[in-house]
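Residue numbers (this note's numbering): 58 to 286. For every residue, glycine included, the Cβ atom is placed at its ideal position computed from N, Cα and C. This report refers to the structure that appears directly beneath it.
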Ligand SMILES: Cc1cc2c(cc1C)N(C[C@H](O)[C@H](O)[C@H](O)COP(=O)(O)O)c1[nH]c(=O)[nH]c(=O)c1N2
C-alpha cells in the first residue's frame, strides 16, 4: 500500500483535510430533533440552500422524483400534529407491557414547535413508466427521495438547523390535509428549525430504547453471514 500522503489525498479529492473532517463532522453529529426547536423562523435563503442540497441528491435514472411542500401555517401544522397523535396511539398499542410505557414516554415529533414543516413526496410518474435503473425494482424512486432527504439533513446540520423526521402517520390523512394527489407517495414529514443544542448520541439511545449496533456485526465478506477470512 502507498504511504499516506496528505497532499496527495487533498489533490485527489479536491478536499483539504479540514474540509474532509467537516464532512464527517456533519455526518457524525447529525441528530433527529424532536424537542429542542427554537421558534425563530428560518430565513428564506437558508431554506433555499437546504432544498438545493436535497435537489442535488442522486436519483434513479436522474428522475428527481421529489417535491417539497413547505408548511409554515401553524393551523396546518396543528392538523398534522393531530394526525400524528392518532397514529401514535395505534402505534403505542402495538407494544406490550413495559415497552408500551417506555414508548409512551418518548417524544417522537416537534411538528408544532418547529417553525417549518417540509413534506417530502415522491412522484413515481415523473419521467414516464419505464425508468432507467427502476425497471426491476419499483421502490428505487422512493429510495432516491430518501437520498434527497439525507442531503437536506446533513446540510441543515452544517447550518445549525435541526431536522426531525416524523413517519407515524396514516398516509391518507397527510394527503387529505395537504391536498396531495393519490398517485404521489408521502415519504417524509420533516420538522425544521434552529436548535440551541443537540444530543451527542441518538436520543433513542440516550433514553434506553435501542443502542447502536457494532458495525463489525453488520459487515460480511463475499456472501451473507460470512465473517472476515
Ligand atoms: C425513515 C425514518 C423515519 C423516522 C426516523 C428516521 C428515519 C430514517 N426517525 C428518527 C430516528 O428515530 C433516528 O434517526 C434514530 O433514532 C437515530 O437517531 P439520530 O438520527 O442519529 O439522532 C423518527 N424519529 C421520531 O421521533 N419519530 C419518527 O416518526 C421517526 N421516523
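Is the beta carbon of residue i sitting closer than 9 Å to the one on residue j?
i           : j           : result
residue 250 : residue 167 : yes
residue 245 : residue 202 : yes
residue 101 : residue 220 : no
residue 93  : residue 257 : no
residue 91  : residue 164 : yes
residue 172 : residue 96  : yes
residue 107 : residue 209 : yes
residue 265 : residue 105 : no
residue 223 : residue 232 : no
For residue i, write down the residues that DSSP places opposite it in a beta bridge.
i           : result
residue 84  : Answer is none; residue 84 lacks a bridge partner.
residue 127 : 175
Residue range of the beta strand (DSSP E) that residue i falls in?
i           : result
residue 104 : Per DSSP, residue 104 belongs to no beta strand (DSSP E); it is in the alpha helix (DSSP H), 101 to 112.
residue 245 : 242 to 251
Excluding sequence positions up to five away, which residues of its chain have a Cβ less than 6 Å from the Cβ of residue i?
i           : result
residue 136 : 234
In the DSSP assignment, find the alpha helix (DSSP H) that holds residue i and state where it starts and stops.
i           : result
residue 229 : 228 to 235
residue 173 : Counting along the chain, residue 173 falls outside any alpha helix (DSSP H), though it belongs to the beta strand (DSSP E) covering 173 to 179.
residue 210 : 197 to 216
residue 64  : 63 to 70
Exercise for review: For the segment 208 to 221 and the segment 126 to 144, state whether three or more C-beta atom pairs, one from each stretch, are separated by less than 8 Å.
Suggested key: no
Review point. With contact counted as at least three CB pairs below 8 Å, one residue from each stretch, are the segment 247 to 266 and the segment 172 to 186 in contact?
Key: yes
Exercise for review: Decide if the segment 191 to 205 is in contact with the segment 121 to 140; the criterion is three or more beta carbon pairs, one per stretch, under 8 Å apart.
Suggested key: yes
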